[in-house]
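Trainee: Position 97, counted from 1, in the sequence shown is what my numbering calls 97; the numbers after and before it change by one each time, with no gaps.
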Amino acid sequence: MTQSEEMSQLKQEALVDINEAQDEKALQDVKVKYLGKKGSVSGLMKHMKELSNEEKPAYGQKVNELRETIKSEIASRQEVLANEQLEAQLREEKIDVTLPSREISLGAKHPLTRTIEEIEDLFLGLGYEIVEGFEVEHDHYNFEALNLPKSHPARDMQDSFYITDEILMRTHTSPVQARTLEKRNGQGPVKIICPGKVYRRDSDDATHSHQFTQIEGLVVAENIRMSDLKGTLELLAKELFGADREIRLRPSYFPFTEPSVEVDVSCFKCKGEGCNVCKHTGWIEVLGSGMVHPNVLEMAGFDSEKYTGFAFGLGPDRIAMLKYGIEDIRHFYTNDMRFLEQFKSVEDRGEAEC
Ligand SMILES: [Zn+2]
Numbered sequence: 001m002t003q004s005e006e007m008s009q010l011k012q013e014a015l016v017d018i019n020e021a022q023d024e025k026a027l028q029d030v031k032v033k034y035l036g037k038k039g040s041v042s043g044l045m046k047h048m049k050e051l052s053n054e055e056k057p058a059y060g061q062k063v064n065e066l067r068e069t070i071k072s073e074i075a076s077r078q079e080v081l082a083n084e085q086l087e088a089q090l091r092e093e094k095i096d097v098t099l100p101s102r103e104i105s106l107g108a109k110h111p112l113t114r115t116i117e118e119i120e121d122l123f124l125g126l127g128y129e130i131v132e133g134f135e136v137e138h139d140h141y142n143f144e145a146l147n148l149p150k151s152h153p154a155r156d157m158q159d160s161f162y163i164t165d166e167i168l169m170r171t172h173t174s175p176v177q178a179r180t181l182e183k184r185n186g187q188g189p190v191k192i193i194c195p196g197k198v199y200r201r202d203s204d205d206a207t208h209s210h211q212f213t214q215i216e217g218l219v220v221a222e223n224i225r226m227s228d229l230k231g232t233l234e235l236l237a238k239e240l241f242g243a244d245r246e247i248r249l250r251p252s253y254f255p256f257t258e259p260s261v262e263v264d265v266s267c268f269k270c271k272g273e274g275c276n277v278c279k280h281t282g283w284i285e286v287l288g289s290g291m292v293h294p295n296v297l298e299m300a301g302f303d304s305e306k307y308t309g310f311a312f313g314l315g316p317d318r319i320a321m322l323k324y325g326i327e328d329i330r331h332f333y334t335n336d337m338r339f340l341e342q343f344k345s346v347e348d349r350g351e352a353e354c
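Written out as structure tokens, the structure is:
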């Protein structure tokens, strides 16, 4: 075989190999086979020594031309393979936009969130501000500023999660009141509600949870009287439990209010006849409240001769349990989907009525 025949045979073989390469890797192998350092084209150079000086340049040029031809054939094949791959991918990943979509499962508001928002809406309508505070609090704001000095029997260590001697998980939302009063620097009026989580060292059972929610309300202004408190709570009771609800106030004791009252609402289930919800009394205890203790006002820099106020604290957990007939407070915090899903239908019904 002449050198020229050998060269042309090599070219034919290379073209066949290139066209038969079905993927990137096979093509790479072909490239190494012909153009690599030990490849066939480089092998042609061994004939140089058999040639005369006159023949050498022409031969060298031909080998180079062959190398260039194979290189460009490989490049074109590479482009073809890339296009084929793209086409295949497009075919496989084709999206049929006419297919009906999968059902998207929408969540529902947590019953506590629903209850808190309902109460917030009422008070926003009455011109109150919503103020939030810290769940980790100083002893000072959680107790002392609320007329509960260190020696006070009402602040039993057993009831609180202390982090240090002076810092604890807040046991009520009242520290938000203390902080707000302090910030106002003796200037009324103050009209706020403070919703949030609170923590007590309680053993969890059907009616107790170490974490629960509270909404605190506070009004401090000139000429605020007990009748203002009663009117406000009547409105709240009607909003939460129905327009024909009544309330009654019973004397009680809280360190931060004087006088203090427990507030009962007439039973929404039996309308006062007596049933299991109201334990056959016709009344349900819903919250504690009272006139802000002069000491609390003075400690926050308010003139208790000029300003008076009322405060109340209610538990959205208890309210939601009553409203929705929930028997175990722990359901609110275990977040079992089967429990929460029930409130989706309540919400849907509510929207359908609108
Ligand atoms: Zn009843």
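Where is the CB? At the ideal position from N, CA and C, for every residue including glycine.
Quick caveat, the model's predicted, so the values are computed rather than measured.
1. Helix, strand or coil: which one does DSSP assign to T257?
2. Flag this pair as touching only if the segment 109 to 119 and the segment 168 to 176 have three or more C-beta atom pairs under 8 Å; answer yes or no.
3. Mind checking A352: buried by the 16 CB within 10 Å criterion, or exposed?
4. Taking C-alpha atoms, which residue in E6, E87, F134 lies nearest to M45?
5. Given that a residue counts as buried once 16 or more other Cβ atoms are within 10 Å of its Cβ, and exposed if not, what is Y307?
6. L322: which of G288, K269, G282, S209 sits nearest, CA to CA?
7. With H, G and I counted as helix, E and B as strand and the rest as coil, what does DSSP make of D17?
8. Can you give the beta carbon distance from S209 to Y333, rounded, assuming they're within the 8 Å contact cut?
9. Closer than 6 Å to a non-hydrogen atom of ligand 1 - does that hold for the CB of V277?
10. Could you tell me if K71 is buried or exposed, where buried requires 16 or more neighbouring beta carbons within 10 angstroms of its beta carbon?
11. Does DSSP classify Y324 as helix, strand or coil?
12. Does any heavy atom of ligand 1 sit closer than 6 Å to the C-beta of K269?
13. With a floor of 3 residues, list each beta strand (DSSP E) that falls wholly inside the segment 169 to 215, ordered by position along the chain.
14. In chain order, which continuous runs of the alpha helix (DSSP H) of length 4 or greater are located wholly inside the segment 69 to 150?
15. Could you tell me the alpha carbon to alpha carbon distance between G301 and A145, rounded to whole angstroms?
16. On the three-state DSSP scale, how would you describe P251?
17. Starting from V277 and walking both ways along the beta strand (DSSP E), at which residues does that stretch end?
18. According to DSSP, I167 sits in a beta bridge with which residue or residues?
19. Does DSSP put A311 in a helix, in a strand, or in coil?
20. Report all residues from its chain with a CB closer than 7 Å to the CB of G272; omit the five preceding and five following residues, and keep chain order.
21. Return the CA-CA distance between Y141 and R338, expressed in angstroms with no decimal places.
22. What separation, rounded to the nearest whole angstrom, lies between the Cα atoms of E117 and I215?
23. How big is the Cα-Cα spacing for K11 and K25?
24. Smallest Cα separation from A255: which of D139, S289, T207?
25. Give the DSSP bridge partners of D264, in chain order.
26. Using a 10 Å radius around the Cβ and a threshold of 16 neighbouring Cβ atoms, would you call N147 buried or exposed?
27. If you reduce the DSSP assignment to three classes, tell me which class G290 lands in.
28. As a quick exercise: from R318, E68, S8, pick the residue whose alpha carbon is nearest that of F241.
29. Quick check: the segment 230 to 240 against the segment 158 to 170, are at least 3 beta-carbon pairs closer than 8 Å?
30. CA-CA distance, V220 and V296?
Mentor: On the basis of the supplied data:
1. strand
2. no
3. With a pLDDT of 43 at A352, under the threshold of 50, the predicted position of this residue should be treated as unreliable, and no value is reported.
4. E6
5. buried
6. K269
7. helix
8. 6 Å
9. yes
10. exposed
11. helix
12. yes
13. 190 to 199
14. 111 to 125, 139 to 142
15. 11 Å
16. strand
17. Segment: none, V277 is in no beta strand (DSSP E) and carries neither H nor E.
18. H138
19. strand
20. S266, G282
21. 39 Å
22. 11 Å
23. 21 Å
24. This sequence places Pro at residue 255; Ala is not what is there. Per the Cα distances, S289.
25. R248, E285
26. buried
27. strand
28. R318
29. no
30. 11 Å
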